[in-house]
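In the working numbering, the protein residues as written are 1 to 676.
All C-beta atoms in this analysis are idealised placements derived from N, C-alpha and C, irrespective of residue type, glycine included.
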């Protein structure tokens, strides 16, 4: 049977130039021809859908190029048939692209090695449909918008191109040039987008995190970290209402905005490089913490939101899939608490922590009230509108929660990892309340202990390979028994005892789950498994990073080391720009990981996975308020000797080196160092 529904466009073969909120998705030759997801995007709007050059009426043939740094790219094409006769090209076009806060500047450089001058007309053709990212992602097509003067206006935005001339539905810029023999000539153009309805903007400052110097026997690690931090720099954003608080957008092109869960995990994984990103993320989300109950948006008192988007304008005539401010997430609230605690331990200044204690108490209260609507002691969700997200954990596709036989579970759903996050958050919140002299800590420690007992009774299931936690309880409180990566998120939360932790580690490390490129979201033995399903068999690098972090924390070095090597293998497969997700095919069957065609690339928490590898391999466990740093590296060393300079622990610039045999050297930390 052939589906007639619109298809989500593929992006895995497109070139991405990114400096949030501006993204350019082009073909590999740098051209934007109006196909699929190609375009110049600013925030949630496609400002240009066609950007194409001809020289003397000829279309250039691309020969290479791509990103050269955060917000810059260079593409090279040849112009066959121009210049000297013969098989060798003698005229080429270099396109240098530089993104700004609200647009881009591009230099077109014609370079000649020909013996004679070349007189030619250079024509740049531009067009736009002013589609929203949501429309592009869903495969919808819109008619082109006719130019209005030197640009376009409509759907609440203005796209300005100085010097633009109207040519029907297109706009044009034209230059008459003479390229001297063995010389060059340049022309420039620019576009600027004014979007009064935008909710996000470029940050005012450069990235504040440390850029570590990594030396490792495994040569894949250092360049992966370098590329990941470049990608993360391109994803930095602020809101228009809190312009000084920086967070990372979730990913390009589909999720270039504030996402509670994604932004929190990214900041948490990056804590070894500084606490500024964590502080900005925490404050941005606290400023939007829920204050009332609203089924349409999922808002509840104390709840942390899922995402924000540019509000639609009346002239669009379309209804967005989700409300512009949407709270449909079960896990962002406990993760906010966990990040606040971990940032405090890594050295977030006490004054910044104290300023967030009121939102902390409101978030904790949500765990015990609205997060548990039926009072059974578990966090659970159910979309009451029929138009929101059916699943509200990180695996938020409609079919992600399945039984081992492949059946899709029906809600309300209580996810296993949400209980783990809540347990950790309750203990973390108690520690913060005690440290800052606030009451209530004993209540939350008792609440966590009760949750652990209930979880032990309700969630554990078994198959031929042994016991493991179910992914969830369904609406009838039946354990949903597909073996999934969700269980790895329980490690390090304190919810499991040592025997349970060992059982989870064994399951996660099995060939059915460890693909060799990272952790599969669902075991190959499950009835719903498919290597290219979004959440039922694919590999998500951030998921792998969370797993290996927990494994390392609880002492399961062999499995953690295997997943760490998988992250490096995935990075090598995708030229070190790790995508949102990729296929779950085993490394024993394919030499390089296979792409998931619609995956975001870069994706913030995927990029942060490389830093998680550093943290896990080195075994970093700071407690800056207590003046203490524990270093418990994985042994045997899964990547050989590792040395990292430029780690930030509080105000200290710290170097940690671990030899191939496990010896540890730490310099730069002014407190007590404990080596385990």
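Query	Result
Reduced DSSP secondary structure (H/G/I, E/B, other) of residue 1	Here the model assigns residue 1 a pLDDT of 47, short of 50, so the residue's position is not dependable, and the following value carries that caveat. The answer is coil: DSSP assigns residue 1 none of H, G, I, E or B.
Same chain only: Cβ atoms within 6 Å of residue 441, ignoring 5 sequence neighbours per side	430, 433 and 434
Assumed close pair residue 581, residue 599 - CB separation to whole angstroms, cut-off 8 Å	5 Å
Nearest to residue 58 (by Cα), restricted to the options 178, 79 and 633	79
Residue burial classification, residue 364 (beta-carbon count within 10 angstroms, cutoff 16)	buried
Nonlocal neighbours in the same chain, by C-beta distance under 6 Å from residue 661, ignoring five residues either side	none
Inter-residue CB distance, residue 472 and residue 409 (contact presumed, cutoff 8 Å)	6 Å
For residue 225, the first and last residue of its enclosing alpha helix (DSSP H)	221 to 234
Where residue 603 sits in the DSSP three-state scheme	strand
Residues near residue 339 in its chain [Cβ-Cβ closer than 8 Å; skip 5 each side]	264, 267, 268, 278, 281 and 282
Status (buried if at least 16 other CB within 10 Å, exposed otherwise) for residue 1	With a pLDDT of 47 at residue 1, under the threshold of 50, the predicted position of this residue should be treated as unreliable, and no value is reported.
Pick from 25, 112 and 558 that is closest to residue 35, judged by C-alpha positions	25
Residue of 532, 513 and 531 minimising C-alpha distance to residue 523	513
Classification of residue 180 by the beta-carbon crowding that lies within 10 angstroms, buried from 16 upward	exposed
For residue 213: DSSP bridge partner residues	645
Alpha-carbon spacing of residue 707 relative to residue 70, whole angstroms	The question about residue 707 has no answer, for the chain in this structure spans 1 to 676.
Contact the region 229 to 244 vs the region 638 to 655: 3+ CB pairs below 8 Å	no
Distance between beta carbons of residue 51 and residue 126, contact taken as under 8 Å	6 Å
Beta-carbon contacts of residue 613 that lie in its chain and below 6 Å, excluding the five residues immediately before and after	564 and 567
Option in 488, 489, 400 and 470 with minimal Cα separation from residue 480	470
Burial state of residue 18, where buried means 16 or more other Cβ atoms lie within 10 Å	buried
Delimiting residues of the alpha helix (DSSP H) encompassing residue 568	557 to 573
Endpoints, beta strand (DSSP E) assigned at residue 468	466 to 469
Cβ pair residue 425, residue 482 closer than 8 Å	no
Limits of the beta strand (DSSP E) - the one that residue 458 falls within	Looking at the DSSP string, residue 458 is not in any beta strand (DSSP E); the run it does join, the alpha helix (DSSP H), is 441 to 458.
Spatial distance of residue 188 from residue 54 (CA atoms)	15 Å
DSSP beta-bridge partners of residue 485	For residue 485, which the question treats as bridged, DSSP gives no partner whatsoever.
Per-residue burial, residue 206 [other beta carbons within 10 Å of its own, 16 or more giving buried]	exposed
Assigned exposure category for residue 276 - 16 Cβ within 10 Å defines buried	buried
Spatial neighbours of residue 256 in its chain, beta-carbon cut-off 8 Å, leaving aside the 5 residues before and after	20, 21, 23, 41, 43, 44, 133, 200, 235, 237, 249 and 250
Proximity of residue 394 and residue 342 at Cβ, strictly below 8 Å	no
DSSP three-state assignment for residue 542, whether helix, strand or coil	helix
Where residue 504 falls: helix, strand or coil (DSSP)	helix
Contact check, residue 284 vs residue 247, beta carbons under 8 Å	yes
Stretch-stretch touch, CB-based, cutoff 8 Å, three pairs: the region 85 to 104 with the region 135 to 145	no
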